[in-house]
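Engineer: Going line by line, the protein sequences match chains A and B.
Residue numbering for the first sequence follows the working numbering, beginning at 32 and increasing consecutively.
Residue numbering for the second sequence follows the working numbering, beginning at 17 and increasing consecutively.
Using N, Cα and C, we set each Cβ at its ideal position, and we do this for glycine too.
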Amino acid sequence: MTDHEQLVSTLHERFASRIHFLARRELRSQAVAEEVCHETLLRVMQAIRNGKLQDEAALPGFVVGTARNVIMEVRRKESRTAPLGERDVAEDHQESPVDHTVRKAMQQVFAKLKPREREVLQLAYLEELPKEEIAARIGVDPERVRLVKSRALRSFRDFYERLTNNSPKTSLQTGRGDHLGEDR
Amino acid sequence: MTHDQIERGEIAELYVRGRLKDADRAAFEEHYFGCDACFEEVQRLEQFIAGVREMDLESIVEPAPVPAPVIVMPVWRQPAFLGAMAACLAMGVLSGWALLVDRARLTQEVAEARRVSTDAATRLQMAERELAMRRAAAAVPAPSLAGSLPLLMLEATRADGVPAIEVPAGSAALALWLEPPPAADATRYRLEVLHGNDVVVMLPGLRRNSYGALAVSVPAEKLTAGAYRARLLVDGGAMVGDYRFQVTR
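1. Answer yes if the segment 176-196 of chain B comes into contact with the segment 233-244 of chain B, meaning at least three C-beta pairs across the two stretches below 8 Å, and no otherwise.
2. Less than 8 Å between CB atoms is the rule here; does MET218 of chain B satisfy it with respect to chain A?
3. Below 8 Å on C-beta distance, what does MET216 of chain A contact in chain B?
4. In whole angstroms, what separates the C-alpha of ALA231 of chain B from that of ALA243 of chain B?
5. Rounded to a whole number of angstroms, what is the C-alpha to C-alpha distance between GLU174 of chain A and HIS69 of chain A?
6. What beta strand (DSSP E) runs, 3 residues minimum, are completely inside the segment 51-129 of chain A?
7. List the residues of chain A whose Cβ lies closer than 8 Å to the Cβ of ARG60 of chain B, in chain order.
8. May I ask you to verify whether the segment 163-178 of chain A touches the segment 136-143 of chain A, counting CB pairs closer than 8 Å and requiring at least 3?
9. Nearest chain A C-beta to ASP38 of chain B closer than 8 Å, yes or no?
10. Who are the Cβ neighbours of CYS54 of chain B in its own chain at under 7 Å, not counting the five residues just before and after it?
11. Under 7 Å between beta-carbons, which chain B residues line up against LEU53 of chain A? List them in chain order, please.
12. Which value, in whole angstroms, describes the spacing of the CA atoms of ARG215 of chain A and ASN213 of chain B?
13. Taking only beta carbons into account, state which residues of the segment 60-93 of chain A come closer than 7 Å to chain B, listed in chain order.
14. Go through its chain and collect everything with a Cβ distance to GLY210 of chain B's Cβ below 8 Å, but skip five positions before and after it.
15. I need the DSSP call for VAL178 of chain B, collapsed to helix, strand or coil.
16. Do VAL32 of chain B and VAL58 of chain B have their CB atoms nearer than 8 Å?
17. Cα separation between GLU159 of chain A and GLU125 of chain B?
18. Residues of chain B with CB under 9 Å from ARG168 of chain A, in chain order?
19. What's the gap between the Cα of VAL94 of chain A and the Cα of GLY25 of chain B?
20. Does the distance from the CB of GLN63 of chain B to the CB of VAL39 of chain A come in under 8 Å?
21. Tell whether a beta-carbon distance below 8 Å holds between ALA155 of chain A and PHE190 of chain A.
22. Would a C-beta distance cut-off of 8 Å place ARG119 of chain B and ARG188 of chain A closer than the cut-off?
23. Mind reading off the beta-carbon distance from PHE44 of chain B to PRO179 of chain B? Whole number of angstroms is fine, and I expect it under 8 Å.
24. Pull out every residue of the segment 147-177 of chain A whose Cβ sits closer than 7 Å to any Cβ of chain B, in chain order.
25. Could you give the distance in angstroms between the alpha-carbon of VAL234 of chain B and the alpha-carbon of ASP20 of chain B?
26. Classify LEU157 of chain A as buried or exposed, calling it buried when 16 or more other Cβ atoms lie within 10 Å of its own Cβ.
27. Report buried or exposed for VAL77 of chain B, applying the criterion of at least 16 other Cβ atoms within 10 angstroms of its Cβ.
28. How would you list, in chain order, the residues of chain A whose beta-carbon sits under 8 Å from the beta-carbon of PHE97 of chain B?
29. Which term fits ARG49 of chain A, buried or exposed, when burial requires 16 or more other beta carbons within 10 angstroms of its beta carbon?
30. Am I right that ALA78 of chain A and LEU72 of chain A are in contact with their C-beta atoms under 8 Å? What's the rounded C-beta distance?
31. Between B:ARG35, B:VAL263, B:GLY99, B:PHE97, which lies nearest to GLU182 of chain B when the distance is taken from Cα to Cα?
32. Check the Cβ-Cβ distances between VAL129 of chain A and every residue of chain B, and say whether any is below 8 Å.
33. Output yes if chain A places a C-beta closer than 8 Å to the C-beta of ARG24 of chain B; else output no.
34. Are LEU194 of chain B and ALA229 of chain B close, meaning C-beta to C-beta below 8 Å?
35. Going by DSSP, what residue range makes up the alpha helix (DSSP H) through VAL179 of chain A?
36. Note the first and the last residue of the continuous alpha helix (DSSP H) segment covering THR132 of chain A.
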């Protein structure tokens, strides 16, 4: 593998999923998140090759800063485009973080919870109450509320990892690709 | 931002729920961009919280226990009860005998039902595969003109020659669908698309989707009319697939 290919591969390995995660949360679109991811990596790669980044410890901060800039540019561009009715484009595919595996894991978590524990989760995440209010409502210590949430999350993590270790994953991957041989 | 601060302040959860101030949010993002454990945590939290919100809690709350009915049988009903029991027993014996006699026919019917179900399952699987391909293609923004994304399925060997795909003017991308050979069971792949001897597209870090295939979008601007070769390699390793296709415009 050439140095260039190695750099592309390393940056992608370390940061692609993080950039994609951030962009999807900010822009609520899987497809646009993919574009942000590739544009960000391209800019980071250019900056590294131009010697703008000397300290590797600063790389995560640089990458997230670049990603935020790209996201802002996308937002500005979207706000300038014509209303949807005037465009003949396919709808962006908006993806929830809840897929089949998450649902299965959640079902397993909830099957093991006591009714009061489920109530804690409902009050915390559906009604968005602070833990002190939840504690007062159901008559327990606020620390107990925190423990219930923490255990449920740990349980979810365990089930999720077990389920994902048993099946391959992913989705369409998009990319600008890299025009090798070009001096950027 | 340190791990201790993150844990004490329940920062990851506040971040996922959009409750951090800008400065804290930026600091946490910079942290998880460099910390695998915190990135993993924030992804699981996002899934967990969204999962709780999607769960229909009413449907899984345990119903209040229903007390078992108490049956008190008056004395005069006992002979009648015994008679009814005897009749049930006789019916059971007759039914069992009929079942034995009819066993061969029932076995045949079960086998037929199984065959029909297998055929239906195969047809369903093919339909799901087709749907997955179309969904994968639809995940990429369509060009403003045609509203559809050209999709090409690549196979290592084709009896009917090199596949060709027409990429309409104005298309943003071409979707490629590849199924790596079963022997190449890697975690990540790299795809290289060549025009002559020049690599025009290189996509590292590709992972299989839930159908075990790789679905990839290639920018249309990279593919002028002509003959192409797509090489599939294990990321950082050997080549596992070699495909040819023709692009027309």
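Structural biologist: Short version:
1. yes
2. As a working note, residue 218 of chain B is residue 202 in the second sequence. Output row for MET218 of chain B: interface = yes.
3. Nothing can be reported for residue 216 of chain A, as the shown portion of chain A is limited to 32 through 215.
4. The residue labelled residue 231 of chain B in the question sits at position 215 within the second sequence. The residue labelled residue 243 of chain B in the question sits at position 227 within the second sequence. Using only the alpha carbons, I get a separation of about 20 Å.
5. Taking the first sequence and counting its residues from 1, one reaches residue 174 of chain A at position 143. Taking the first sequence and counting its residues from 1, one reaches residue 69 of chain A at position 38. The straight-line gap from Cα to Cα measures roughly 43 Å.
6. none
7. Position 44 of the second sequence, counted from the start, is the residue given in the question as residue 60 of chain B. Per Cβ cutoff of 8 Å: LEU184, PHE187, ARG188, TYR191.
8. no
9. Numbered from its first residue, the second sequence carries residue 38 of chain B at position 22. It does not; no Cβ of chain A falls within 8 Å.
10. Here residue 54 of chain B refers to the residue found at position 38 when the second sequence is read from its first residue. Counting only Cβ-Cβ distances below 7 Å, and skipping sequence neighbours, we find ILE22, ALA28, HIS47, TYR48.
11. As a first step, residue 53 of chain A is located in the first sequence; it is residue number 22 there, counting from the start. What LEU53 of chain A touches in chain B: GLU45.
12. Position 184 of the first sequence, counted from the first residue, corresponds to residue 215 of chain A. Position 197 of the second sequence, counted from the first residue, corresponds to residue 213 of chain B. In this prediction, ARG215 of chain A has a pLDDT of 34, which is less than 50 and means its spatial position is unreliable; what the coordinates show is noted afterwards. If you take the alpha carbons of ARG215 of chain A and ASN213 of chain B, they lie about 20 Å apart.
13. GLN61, ALA62, PRO91, GLY92
14. As a position in the second sequence, residue 210 of chain B is number 194, starting the count at 1. In the sequence as displayed, the identity of residue 210 of chain B is Leu instead of Gly. Correct list, in chain order: VAL216, TYR244, ARG245, ALA246, ARG247.
15. To locate residue 178 of chain B, count along the second sequence from 1; it is residue 162. Note: VAL178 of chain B maps to coil in three-state DSSP.
16. Working through the second sequence from its first residue, we reach residue 32 of chain B at position 16. Working through the second sequence from its first residue, we reach residue 58 of chain B at position 42. For VAL32 of chain B and VAL58 of chain B, yes; Cβs fall inside 8 Å.
17. As a position in the first sequence, residue 159 of chain A is number 128, starting the count at 1. As a position in the second sequence, residue 125 of chain B is number 109, starting the count at 1. Cα-Cα distance, rounded: 55 Å.
18. As a first step, residue 168 of chain A must be located in the first sequence, where it is residue number 137. Those do not exist, as ARG168 of chain A stays about 16 Å from chain B at its closest Cβ, beyond 9 Å.
19. On the first sequence, residue 94 of chain A is found 63 positions in, with the first residue counted as 1. On the second sequence, residue 25 of chain B is found 9 positions in, with the first residue counted as 1. Looking at the two C-alpha atoms, the distance is approximately 25 Å.
20. Reading the second sequence from its first residue, position 47 is the one you call residue 63 of chain B. Reading the first sequence from its first residue, position 8 is the one you call residue 39 of chain A. No.
21. Translated into the one-based positions of the first sequence, residue 155 of chain A becomes position 124. Translated into the one-based positions of the first sequence, residue 190 of chain A becomes position 159. Going by C-beta atoms, ALA155 of chain A is not nearer than 8 Å to PHE190 of chain A.
22. For the purposes of this step, residue 119 of chain B is taken as the residue at position 103 of the second sequence. For the purposes of this step, residue 188 of chain A is taken as the residue at position 157 of the first sequence. No. Outside cutoff.
23. In the second sequence, residue 44 of chain B corresponds to position 28, counting from 1. In the second sequence, residue 179 of chain B corresponds to position 163, counting from 1. That belief does not hold up - the Cβ atoms of PHE44 of chain B and PRO179 of chain B are roughly 48 Å apart, past 8 Å.
24. ARG149, LEU152, GLN153, TYR156, LEU157
25. The residue labelled residue 234 of chain B in the question sits at position 218 within the second sequence. The residue labelled residue 20 of chain B in the question sits at position 4 within the second sequence. Answer to the nearest angstrom: the Cα atoms are 43 Å apart.
26. By one-based count along the first sequence, residue 157 of chain A stands at place 126. Burial call: exposed.
27. Counting from one through the second sequence, the residue named residue 77 of chain B turns up at place 61. Note on VAL77 of chain B: pLDDT 49, under 50, position unreliable in the model; the coordinate value appears next. Looking at its Cβ environment, which holds fewer than 16 other Cβ atoms inside 10 Å, VAL77 of chain B is exposed.
28. Against the second sequence, residue 97 of chain B aligns to sequence position 81. Those do not exist, as PHE97 of chain B stays about 40 Å from chain A at its closest Cβ, beyond 8 Å.
29. Reading the first sequence from its first residue, position 18 is the one you call residue 49 of chain A. With 16 or more Cβ atoms within 10 Å of its Cβ, ARG49 of chain A is classed as buried.
30. To locate residue 78 of chain A, count along the first sequence from 1; it is residue 47. To locate residue 72 of chain A, count along the first sequence from 1; it is residue 41. About 11 Å separates the two Cβ atoms, so there is no contact after all.
31. Position 166 of the second sequence, counted from the first residue, corresponds to residue 182 of chain B. GLU182 of chain B has its Cα closest to that of B:VAL263, out of B:ARG35, B:VAL263, B:GLY99, B:PHE97.
32. Along the first sequence, read from residue 1 onward, the residue named residue 129 of chain A stands at position 98. Yes - at least one Cβ of chain B is within 8 Å of the one on VAL129 of chain A.
33. For this step, residue 24 of chain B is matched to residue 8 along the second sequence. For ARG24 of chain B, the answer is no, since every Cβ of chain A falls outside 8 Å of its Cβ.
34. Counting from 1 along the second sequence, the entry for residue 194 of chain B is found at position 178. Counting from 1 along the second sequence, the entry for residue 229 of chain B is found at position 213. Cβ distance < 8 Å, so LEU194 of chain B and ALA229 of chain B count as in contact.
35. Within the first sequence, the letter at position 148 stands for residue 179 of chain A. Its alpha helix (DSSP H) spans residues 173-196.
36. For the purposes of this step, residue 132 of chain A is taken as the residue at position 101 of the first sequence. Where THR132 of chain A is concerned, the enclosing alpha helix (DSSP H) stretches over 131-143.
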